[in-house]
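Working notes, beginning with the structure itself.
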Amino acid sequence: MISSDLPGLAAGVTVGALLAEDMLGTTSLAGLPSALFTAGSALAAVTVGRISQARGRRPGLATGYLTGAIGSAGVITAAVLDNPVLLFIALFVYGAGTATNLQARYAGADLSPAGHRARAVSTVLVATTLGGVAGPNLAAPAGTLAEQLGIPHLAGLFMVSGAAYALAALVLALWLRPDPLLLARTIAQAKAADAAANPAVAEAGAGQGRGGVVLGALVMVLTQLVMVAIMTMTPVHMHDHGHSTAASGLVIGIHIGAMYLPSPLTGWLVDRYGRMKIAIASGITLLAAGIFAALAPGDSVGLLALALALLGLGWNFGLVAGTAIITDTVPLATRAKTQGLVDVSIAIAGATGGMASGIMVAATSYPALALTGGALSFALLPAIAATAYRR
Numbered sequence: 332m333i334s335s336d337l338p339g340l341a342a343g344v345t346v347g348a349l350l351a352e353d354m355l356g357t358t359s360l361a362g363l364p365s366a367l368f369t370a371g372s373a374l375a376a377v378t379v380g381r382i383s384q385a386r387g388r389r390p391g392l393a394t395g396y397l398t399g400a401i402g403s404a405g406v407i408t409a410a411v412l413d414n415p416v417l418l419f420i421a422l423f424v425y426g427a428g429t430a431t432n433l434q435a436r437y438a439g440a441d442l443s444p445a446g447h448r449a450r451a452v453s454t455v456l457v458a459t460t461l462g463g464v465a466g467p468n469l470a471a472p473a474g475t476l477a478e479q480l481g482i483p484h485l486a487g488l489f490m491v492s493g494a495a496y497a498l499a500a501l502v503l504a505l506w507l508r509p510d511p512l513l514l515a516r517t518i519a520q521a522k523a524a525d526a527a528a529n530p531a532v533a534e535a536g537a538g539q540g541r542g543g544v545v546l547g548a549l550v551m552v553l554t555q556l557v558m559v560a561i562m563t564m565t566p567v568h569m570h571d572h573g574h575s576t577a578a579s580g581l582v583i584g585i586h587i588g589a590m591y592l593p594s595p596l597t598g599w600l601v602d603r604y605g606r607m608k609i610a611i612a613s614g615i616t617l618l619a620a621g622i623f624a625a626l627a628p629g630d631s632v633g634l635l636a637l638a639l640a641l642l643g644l645g646w647n648f649g650l651v652a653g654t655a656i657i658t659d660t661v662p663l664a665t666r667a668k669t670q671g672l673v674d675v676s677i678a679i680a681g682a683t684g685g686m687a688s689g690i691m692v693a694a695t696s697y698p699a700l701a702l703t704g705g706a707l708s709f710a711l712l713p714a715i716a717a718t719a720y721r722r
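If you're matching positions, the sequence shown starts at 332 in the working numbering and goes up one per residue.
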């Protein structure tokens, strides 16, 4: 189910920046596609969260994926017409798929006890690995197919992502039964009488509240900002050094694989050693990624792939830890709505990273961007720790 979304992420990252660069003839706005689909995901996160809160995960997630499919069709149309305005509008709509993929991870934790929530989240995330690794490497064959259909080569991967989004919406609408969030509420209601009769149980999880939400959001915002900024400009950096679309697709495929493949181990580490320790490990790993990306020669696919693998791993640590913190903190009565609002902040962070990355590379260089991102992730670690101590 979820793996069908990852070709969509790959299309936006690997090809979206190149489409904008081709249409506009400048690198300074190459980060705009990433900014737009992550900004679009902010609106989608609120919408999917509210629908899920009111009607359950199934209608919420299905609506989000269907919207992503419509955005994919719009990108293809814009490429055929060579219309940058339509491209940017379509990419904004396309962001709904990314937001929905993020929301799906919460469904994995709806029915899980506190001590196993990170592992439940990781189960959902690892399901994305196949699509994440394969998606970017479909860029070349999908481009060939697109040309045979009279569609520009770079838009080919959006054909794959559009079909994947539509299929995900159909599968969810038909087969996500019983709805995990609605079932979790039913179970919680069945236990309500016992909790009322035993105040100690009812108060066991009290006192986390706002501090937990702030901590979880801060961890995920940090990882998203740094990851999107460096990831967005890597295909452009490689293209400027003479690498093919297939080569950049390979690097992004390795990166996205690293975002999801370690999830079972990450989930176990978070549940075993605690949310805060793995959140700190996220910042350290992102710092290492930034250093490797900055020092990697432009003609070295291998070193760039290593840097992007570390970038994906750092993101994975932050996302699993942050998601577990949020799910621990928020009660079922408001869980989906709050999760949607948290994901808005994540989307805004991604949009900021995507937009700023192109401007910064045009003004300075890709190594400067990578070092700044790594330093930012490390510099914010004291703030994350302080938030944890205030809980």
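Glycine included, C-beta positions come from ideal geometry on N, C-alpha and C. Source: prediction; values computed, not measured.
Contact check, G705 vs G621 under 8 Å by CB: the rounded distance?
The residue you call residue 705 lines up with position 374 of the sequence shown. The residue you call residue 621 lines up with position 290 of the sequence shown. Contact between G705 and G621 holds, with the beta-carbon distance rounding to 2 Å and staying under 8 Å.
By the three-class DSSP mapping on this structure, what secondary structure does S631 have?
Counting from one through the sequence shown, the residue named residue 631 turns up at place 300. Coil, per DSSP.
Buried or exposed: E631, going by 16 or more other Cβ atoms within 10 Å of its Cβ?
Along the sequence shown, read from residue 1 onward, the residue named residue 631 stands at position 300. The sequence shown places Ser at residue 631, rather than the Glu named in the question. If you draw a 10 Å sphere on the C-beta of S631, you find fewer than 16 other C-beta atoms in it, and that means exposed.
Leaving out five residues on either side along the sequence, give the residues of the same chain with a beta carbon under 6 Å from the beta carbon of V692.
Locating residue 692 in the sequence shown gives position 361, counting from the first residue. For V692, where only same-chain residues beyond five positions count, the Cβ hits under 6 Å are M564 and L700.
Buried or exposed: which applies to V416, given that a residue is buried once 16 or more other Cβ atoms fall within 10 Å of its Cβ?
The sequence position of residue 416 within the sequence shown is 85, counting from 1. Within a 10 Å sphere around the beta-carbon of V416 sit fewer than 16 other beta-carbons, which makes this residue exposed.
Closest Cα partner of Q520 within the set L476, A638, R386 and L663
To locate residue 520, count along the sequence shown from 1; it is residue 189. Nearest option by C-alpha distance: L663.
Span separating the alpha-carbon of D441 from that of R516:
On the sequence shown, position 110 is the one that residue 441 refers to. On the sequence shown, position 185 is the one that residue 516 refers to. In this structure, the CA atom of D441 is about 9 Å from the CA atom of R516.
Nearest-angstrom Cα separation, counted from A409 out to L637
In the sequence shown, the residue the question calls residue 637 occupies position 306. In the sequence shown, the residue the question calls residue 409 occupies position 78. A direct Cα-Cα distance of roughly 34 Å separates L637 from A409.
For N432, three-class secondary structure by DSSP:
For the purposes of this step, residue 432 is identified with residue 101 of the sequence shown, where counting begins at 1. In the structure shown, N432 sits in a helix (DSSP, three-state: H, G or I).
By how many angstroms is the C-alpha of V544 removed from the C-alpha of G573?
Indexing the sequence shown from 1 puts residue 573 at position 242. Indexing the sequence shown from 1 puts residue 544 at position 213. V544 has its alpha-carbon roughly 44 Å from the corresponding atom of G573.
Cα-Cα separation between I420 and I401, rounded to whole angstroms
One-based indexing of the sequence shown puts residue 420 at position 89. One-based indexing of the sequence shown puts residue 401 at position 70. Taking the Cα positions, I420 is about 11 Å away from I401.
Would you kindly work out how many angstroms separate the C-alpha atoms of A627 and L712, rounded to a whole number?
As a first step, residue 627 must be located in the sequence shown, where it is residue number 296. As a first step, residue 712 must be located in the sequence shown, where it is residue number 381. So the alpha carbons of these two residues sit roughly 25 Å apart.
Residue range of the alpha helix (DSSP H) that includes I482
Locating residue 482 in the sequence shown gives position 151, where the first residue counts as 1. That residue, I482, is in no alpha helix (DSSP H); it is neither H nor E in DSSP.
7 Å Cβ shell around L650 - same chain, five flanking residues per side excluded:
By one-based count along the sequence shown, residue 650 stands at place 319. Excluding residues within five positions, the ones whose Cβ falls inside 7 Å are M551 and T554.
Any chance you could list the alpha helix (DSSP H) runs of at least 4 consecutive residues sitting entirely within the segment 610-690, in chain order?
Within the segment 610-690, the runs of alpha helix (DSSP H) that reach at least 4 residues and sit entirely inside it are, in chain order, 632-660.
Spatial neighbours of P595 within its chain, please: CB distance less than 8 Å, with the 5 preceding and 5 following residues excluded, ordered by chain position.
Along the sequence shown, read from residue 1 onward, the residue named residue 595 stands at position 264. Answer for P595: R450, S453, T454 and V457, listed in chain order.
In chain order, what residues of the same chain lie with their CB nearer than 8 Å to the CB of L672, ignoring the 5 residues before and after it?
The residue labelled residue 672 in the question sits at position 341 within the sequence shown. So the list reads A376, V377 and G380, once near-sequence residues are dropped.
Which residues in the same chain as F623 place their Cβ atom closer than 7 Å to its Cβ, once the five residues preceding and following it in sequence are excluded?
In the sequence shown, residue 623 corresponds to position 292, counting from 1. Here the set comprises L634, L637, A638 and L641.
Quick check on DSSP: helix, strand or coil for T517?
Your numbering for residue 517 matches position 186 in the sequence shown. Looking at T517 - three-state DSSP - the assignment turns out to be helix.
Delimiting residues of the alpha helix (DSSP H) encompassing T695:
Start at 1 with the first residue of the sequence shown, and residue 695 comes out as number 364. For T695, there is no enclosing alpha helix (DSSP H), as DSSP marks it with neither H nor E.
Taking one C-beta from the segment 500-518 and one from the segment 387-406 each time, how about it: are there three or more such pairs within less than 8 Å?
Taking 8 Å as the limit for Cβ pairs, the verdict is that the segment 387-406 does touch the segment 500-518.
Taking the continuous alpha helix (DSSP H) assigned at V452, which residues delimit it?
Walking along the sequence shown from the start, residue 452 turns up at place 121. In the DSSP annotation of this structure, the continuous segment of the alpha helix (DSSP H) that includes V452 starts and ends at R448 to V457.
P713 CB to nearest heavy atom of the ligand ADP below 6 Å
This structure lacks the ligand ADP; in fact it carries no ligand of any kind.
Local Cβ density within 10 Å of G347, reported as buried at 16 or more and exposed below that:
Taking the sequence shown and counting its residues from 1, the one referred to as residue 347 is at position 16. Under this definition G347 is a buried residue.
Could you give the distance in angstroms between the alpha-carbon of A589 and the alpha-carbon of W646?
Against the sequence shown, residue 589 aligns to sequence position 258. Against the sequence shown, residue 646 aligns to sequence position 315. Going from the Cα of A589 to the Cα of W646 covers about 9 Å.
Short of 8 Å in beta carbon distance, which residues of its chain neighbour D602, apart from the five on each side in sequence? Order them along the chain.
As a first step, residue 602 must be located in the sequence shown, where it is residue number 271. So the list reads G446, H447, R448, A449, R450 and A655, once near-sequence residues are dropped.
Taking 6 Å as the limit between beta carbons, can you name the residues of its chain near G493, skipping five residues before and five after?
The residue you call residue 493 lines up with position 162 of the sequence shown. A400, S403 and A404.
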